[in-house]
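Let me begin by presenting the structure, written as structure tokens, before commenting on it.
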Amino acid sequence: MNALFERCRLFGHRGNSQQYLENTLDAFEACIQDGIDGIELDVQRTRCGTLVVFHDFTLSRLAGVDRRICEMEWEELKEIPIGGDQRIPTLEQVFALIGNRLLYDIELKAEGIGRTGLEEGVFKAIEDAGLQGNVLVSSFNPILLRRFKRRARNTIPTAVIYSRSKEVPTFLHEGQGRFLSRPTLLKPEREQALPMIERGKAVVVWTVDDEAEAQLLVAKGAKGIISNRPTALAHLFRG
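Going letter by letter, the sequence shown gives residues 229 to 467 in our numbering.
Below is the structure:
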């Protein structure tokens, strides 16, 4: 593991998503202004191969458009407003704006395990921006994570994400993907995190919004906290 987690780090979940629209340049830039360590962001690939920062696989929730990101060309997608007058950013645009002023937890998102070029594209974007020392790459999908690790030759830390959500296959609820991906860290939901930390595992916890809970996790040795309320928790990570 590089110096990324030399102390516990605070990441804004999709940026400062409490005050700004999630996964937008405004939400990310606000984390700099608020003194947050880093941002968690979701990256997926359009049909033409552009890496875009967007959580959902479809535009329905944020744009009211029943289209899938992976089936759209960037030239069309970039014109669609989300949340009023915002636009979906590319990973390249985020790197150009933020640079090394923040740390990044980049979640790889893809439907299925087919080879789309996502892992290779993300690694190249990180390398081109010179941000290898600022990045953690995570995913629910252990196959994507394993491919990324091989491409990066273990130069960038990785984390497998745990969740008991019904949207996640049952066999991944307890982090079984770690046996396939061999990640640097584990990234469980908050309800699952404390026993892992107490067993000495390197853990980044999501999503923690309560100050007392965050304080306990930091004291117990969590490597990172992802929060929807990063500004409210920031004082726990200073000094």
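Backbone N, C-alpha and C fix where the C-beta goes; we use that ideal spot for every residue, glycine too.
Just so you know, these numbers come straight off a predicted model, no measurement behind them.
Distance from the Cα of Gly312 is smallest, within the candidate group Glu299, Ala291 and Thr318, for Ala291. In the same chain as Asp254, and ignoring 5 residues on each side of it, the C-beta atoms closer than 6 Å to its own belong to Tyr248, in chain order. Remark: C-beta atoms of Leu413 and Val432 approach each other more closely than 7 Å. Excluding residues up to 5 positions away in sequence, Cys236, Ala421, Ile425, Val431, Val432 and Val433 lie with their Cβ nearer than 8 Å to the Cβ of Ala450 in the same chain.
Here Phe239 carries a strand assignment [DSSP, helix/strand/coil]. It is roughly 14 Å from the alpha-carbon of Arg296 to the alpha-carbon of Glu303.
Contact between the stretch 397-404 and the stretch 346-356 is absent, with fewer than three C-beta pairs closer than 8 Å. Three or more Cβ pairs drawn from the stretch 333-349 and the stretch 364-378 lie within less than 8 Å of each other, which places the two stretches in contact. Between Leu359 and Phe323 the beta-carbon gap is near 6 Å, inside 8 Å, which marks them as a contact. By the neighbour-count criterion, in which a residue is buried when 16 or more other Cβ atoms sit within 10 angstroms of its Cβ, Ala387 is buried. In the three-state reduction of the DSSP assignment, Glu417 falls in the strand class. Under the three-state reduction of DSSP, Arg273 is assigned to strand. Relative to Arg242, the option among Ala258, Ala231 and Leu232 whose CA is nearest is Ala258. Measuring C-alpha to C-alpha distances from Asp270 to each of Ser288, Leu279, Lys377 and Pro416 identifies Leu279 as the nearest. Within the DSSP secondary-structure output, Trp434 pairs in a beta bridge with Glu417. For Gly349, the enclosing alpha helix (DSSP H) starts and ends at Leu346 to Ala357. Within the same chain, Cβ atoms closer than 6 Å to the Cβ of Thr252 are found at Gln314, the five residues on either side in sequence being excluded. Bridge partners of Asp333 according to DSSP: Glu268 and Leu364. Residues Leu359 and Asn362 of the same chain have their beta carbon placed closer than 7 Å to that of Asn328, with the five preceding and five following residues left out of the count. In this structure Leu287 is in contact with Val293, their Cβ atoms being roughly 4 Å apart against a cut-off of 8 Å. For Thr318, the beta-bridge partners assigned by DSSP are Val280.
By the neighbour-count definition (other C-beta atoms within 10 Å, threshold 16), Pro423 is an exposed residue. Inclusion of Ile260 and Gly240 in the CB contact set at 7 Å is not warranted, their separation being larger than that value.
With a threshold of 16 other beta carbon atoms within 10 Å, Asn244 meets it and is buried.
Ile371: member of the alpha helix (DSSP H) spanning Pro370 to Ala380, first to last residue.
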